[in-house]
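Asker: Shown below is the structure under consideration.
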């Protein structure tokens with residue numbers, strides 16, 4: 003169950019529309035390292051997480067990614083609202099406009115539609131956590147690339163916030179990986195899938211309050 | 330009368346009309362005050378959420394627990410004040426108070442740039 007809160011995680015207030023920037027930033031909505039893939043990746047992976055720490059990290063970061071998805075959609079929306087068809091054509095936004103007018107649709111900057119193949123849910127906690135660490139770095143690199151292309155401070159400010167969150171999430175996933183490895187044989191971390199072949203002793207609900 | 334016993338979800342009784350736009354508050358009303366309060370909600374809410382993520386991997390860190398408690402209290406208080414003055418930010422199942430009209434859509438949606 004989720005509760006919607008009628009606010010953004012970080013404010014977005016863009017006064018000058020610019021469809022050229024919208025075309026770039028839409029990639030973090032539905033592109034290969036975007037927030038849609040991030041949220042679906044973590045929220046899908048958590049069911050086979052090996053312990054309650056990993057379950058919590060995946061649930062809470064996955065939830066925050068949904069808030070980031072909303073921020074990106076808001077940036078794209080505010081960058082395209084009120085534009086005339088002439089302005090849209092001049093800024094190179096016409097191919098997107100043809101199919102979606104100025105609605106929000108998950109695609110990469112180059113027009114490739116969102117695809118679940120952009121993330122994995124492998125059912126193997128070490129595989130999944132290493133993917134999560136890589137995903138945060140890939141998203142951080144994408145935000146770096148975006149920040150090199152945009153000059154408008156009203157757009158750059160929320161993008162910088164999102165970039166910082168990738169770094170915090172990378173840290174938390176590193177800790178989640180460590181918590182998982184501590185339950186395994188240090189001489190042979192990758193011998194088997196701990197969530198399938200030999201389940202790591204996930205403490206029962208009664209014992210959960212004692213894990214640190 | 331059981332209005333949920335319906336394959337389409339909630340069934341209004343016959344003759345229940347829709348609210349019109351004239352019910353909605355003017356968006357400019359008390360804008361500065363609501364912006365200030367909204368900023369507090371954003372800041373305290375972020376401090377609380379960021380600490381929540383940290384606590385997921387450091388559940389025994391007493392300083393972090395205190396920090397979370399402090400900011401979460403301030404966040405909850407600011408949300409309560411905002412909701413009292415302007416209308417709901419979220420629809421909570423724990424609210425037992427009976428309301429006279431449905432105010433959920435009166436305040437701007439985040440992408441409209443109303444409060445931030």
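Protein chains in written order, with our numbering: chain R, 3 to 214; chain X, 330 to 445. The C-beta atom is built at its ideal place from N, Cα and C for all residues, glycine as well.
How would you write the range of the alpha helix (DSSP H) that residue 47 of chain R sits in, first residue to last?
Answerer: Counting along the chain, residue 47 of chain R sits inside the alpha helix (DSSP H) bounded by residues 37–47.
Asker: Measuring only between beta-carbons, confirm whether residue 365 of chain X sits less than 8 angstroms from chain R.
Answerer: no
Asker: Check each residue of the region 372–386 of chain X: if its Cβ is closer than 9 angstroms to any Cβ of chain R, include it; give the result in chain order.
Answerer: 374, 375, 378, 379, 381, 382, 383, 384, 385 and 386
Asker: Can you give me the Cβ contacts of residue 124 of chain R inside the same chain, cut-off strictly under 6 angstroms, excluding the 5 residues immediately before and after it?
Answerer: So the qualifying residues of the chain are 130.
Asker: List, from N- to C-terminal side, the alpha helix (DSSP H) runs of 4 residues or more that fit wholly inside the region 22–102 of chain R.
Answerer: 29–32, 37–47, 54–82, 87–92 and 96–102
Asker: What's the C-alpha gap between residue 159 of chain R and residue 13 of chain R?
Answerer: Those two C-alpha atoms are separated by around 9 angstroms.
Asker: Less than 8 angstroms separating the beta-carbons of residue 197 of chain R and residue 134 of chain R?
Answerer: no
Asker: When you check each C-beta in the region 74–91 of chain R against every C-beta of chain X, which residues fall closer than 8 angstroms?
Answerer: 75, 76, 79 and 80
Asker: Pairs of beta-carbons, one from the region 54–72 of chain R and one from the region 85–96 of chain R, closer than 8 angstroms: are there three or more?
Answerer: no
Asker: Select from the region 407–421 of chain X all residues with a C-beta closer than 8 angstroms to any C-beta belonging to chain R, and list them in chain order.
Answerer: 417, 418, 419, 420 and 421
Asker: Here's the rule: buried if 16 or more other CB atoms are within 10 angstroms of the residue's CB, otherwise exposed. What is residue 350 of chain X?
Answerer: Confidence is the limiting factor: at residue 350 of chain X the pLDDT is only 46, short of 50, which leaves the residue's position unreliable, though a coordinate-based value still follows. Classified as exposed, residue 350 of chain X has fewer than 16 neighbouring CB atoms from the shown chains inside 10 Å of its CB.
Asker: Taking 8 angstroms as the CB-CB cut-off, is residue 439 of chain X touching chain A?
Answerer: Chain labels in this structure do not include chain A; the protein chains are R and X.
Asker: Just to confirm the assignment, what range does the alpha helix (DSSP H) spanning residue 17 of chain R have?
Answerer: It is not in any alpha helix (DSSP H) - residue 17 of chain R carries neither H nor E in the DSSP assignment.
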